[in-house]
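Please read the structure below before turning to the comments.
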Amino acid sequence: MEMHNNLDSLTEEFRKRYDGMAQLCAEAEEAGRWDTEADGSMEGYAFAALSGAILSLIVSDGNVGERETDYLNRTFGFDYTVDDLLSLYRFSARDLHENAVSNVGEAVRTLRASDEKAAEAFRALLTLACRIIAESDDGLLEEESDLIRQLTGAAE
Numbered sequence: 209m210e211m212h213n214n215l216d217s218l219t220e221e222f223r224k225r226y227d228g229m230a231q232l233c234a235e236a237e238e239a240g241r242w243d244t245e246a247d248g249s250m251e252g253y254a255f256a257a258l259s260g261a262i263l264s265l266i267v268s269d270g271n272v273g274e275r276e277t278d279y280l281n282r283t284f285g286f287d288y289t290v291d292d293l294l295s296l297y298r299f300s301a302r303d304l305h306e307n308a309v310s311n312v313g314e315a316v317r318t319l320r321a322s323d324e325k326a327a328e329a330f331r332a333l334l335t336l337a338c339r340i341i342a343e344s345d346d347g348l349l350e351e352e353s354d355l356i357r358q359l360t361g362a363a364e
């Protein structure tokens with residue numbers, strides 16, 4: 209029960225921090241530091257990179273649990289089922305993993321060019337989301353731990 213409460217508080221912390229990052233993104237757009245015409249929403253860009261990395265982490269071991277799926281959905285507002293995520297793994301696991309790490313690095317560089325605080329908020333969110341998924345997993349395998357290290361390293 210204690211782990212469940214900890215995950216709930218981490219998920220709530222994620223939502224609050226995400227709202228803070230979204231505000232920083234909105235401020236960067238308003239100040240003209242992000243070209244929404246060319247690049248779309250800054251928040252949307254960050255969300256896509258962040259959610260892609262976490263989806264990759266969840267499916268990295270080919271085993272998707274109910275708790276992982278539940279916390280993914282609660283953290284990001286998705287509505288995936290375990291079967292949805294397993295299908296994602298079967299059809300695109302290799303591409304997901306290869307792209308996730310490079311996408312995170314690219315996202316941090318791109319965000320940093322527009323707003324250092326937004327980039328730092330993104331990095332903190334990635335680290336927190338990795339922790340949520342790791343704690344919701346029924347047993348973290350070496351490839352998952354390795355991917356967490358690669359993702360957080362790419363965000364440096």
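Residues 209 to 364 (our numbering) make up the sequence shown, in order.
Glycine is no exception: its CB is placed at the ideal position from the N, C-alpha and C atoms.
- Using a C-beta cut-off of 8 Å, the stretch 351 to 362 makes no contact with the stretch 277 to 287, since fewer than three inter-stretch Cβ pairs fall below that distance.
- By the neighbour-count criterion, in which a residue is buried when 16 or more other Cβ atoms sit within 10 angstroms of its Cβ, residue 246 is exposed.
- Sixteen is the threshold: when 16 or more other Cβ atoms of the shown chains lie within 10 Å of the Cβ of residue 277, as they do, the residue is buried.
- Residue 222 is not a Cβ neighbour of residue 319, given a cutoff of 7 Å.
- When the five nearest sequence neighbours on each side are left out, no beta carbon in the same chain lies closer than 7 Å to the beta carbon of residue 361.
- Residue state for residue 241 is assigned as coil, using DSSP reduced to three classes.
- Between the beta-carbon of residue 293 and that of residue 266 there is about 6 Å, and that keeps the pair under the 8 Å contact cut.
- Between residue 257 and residue 311, the CB-CB gap stays under 7 Å.
- Here residue 239 is exposed: its Cβ has fewer than 16 other Cβ atoms, across all protein chains shown, within 10 Å.
- Under the three-state reduction of DSSP output, residue 277 falls in the helix class.
- Within the same chain, 333 come within 7 Å of residue 226 by CB-CB distance, once the 5 residues on both sides are set aside.
- With a cutoff of 7 Å on beta-carbon distance, residue 316 and residue 327 are scored as near each other.
- If you ignore the 5 residues before and after residue 329, its C-beta comes within less than 7 Å of the C-beta of 225, 228, 229 and 232, all in its own chain and listed in chain order.
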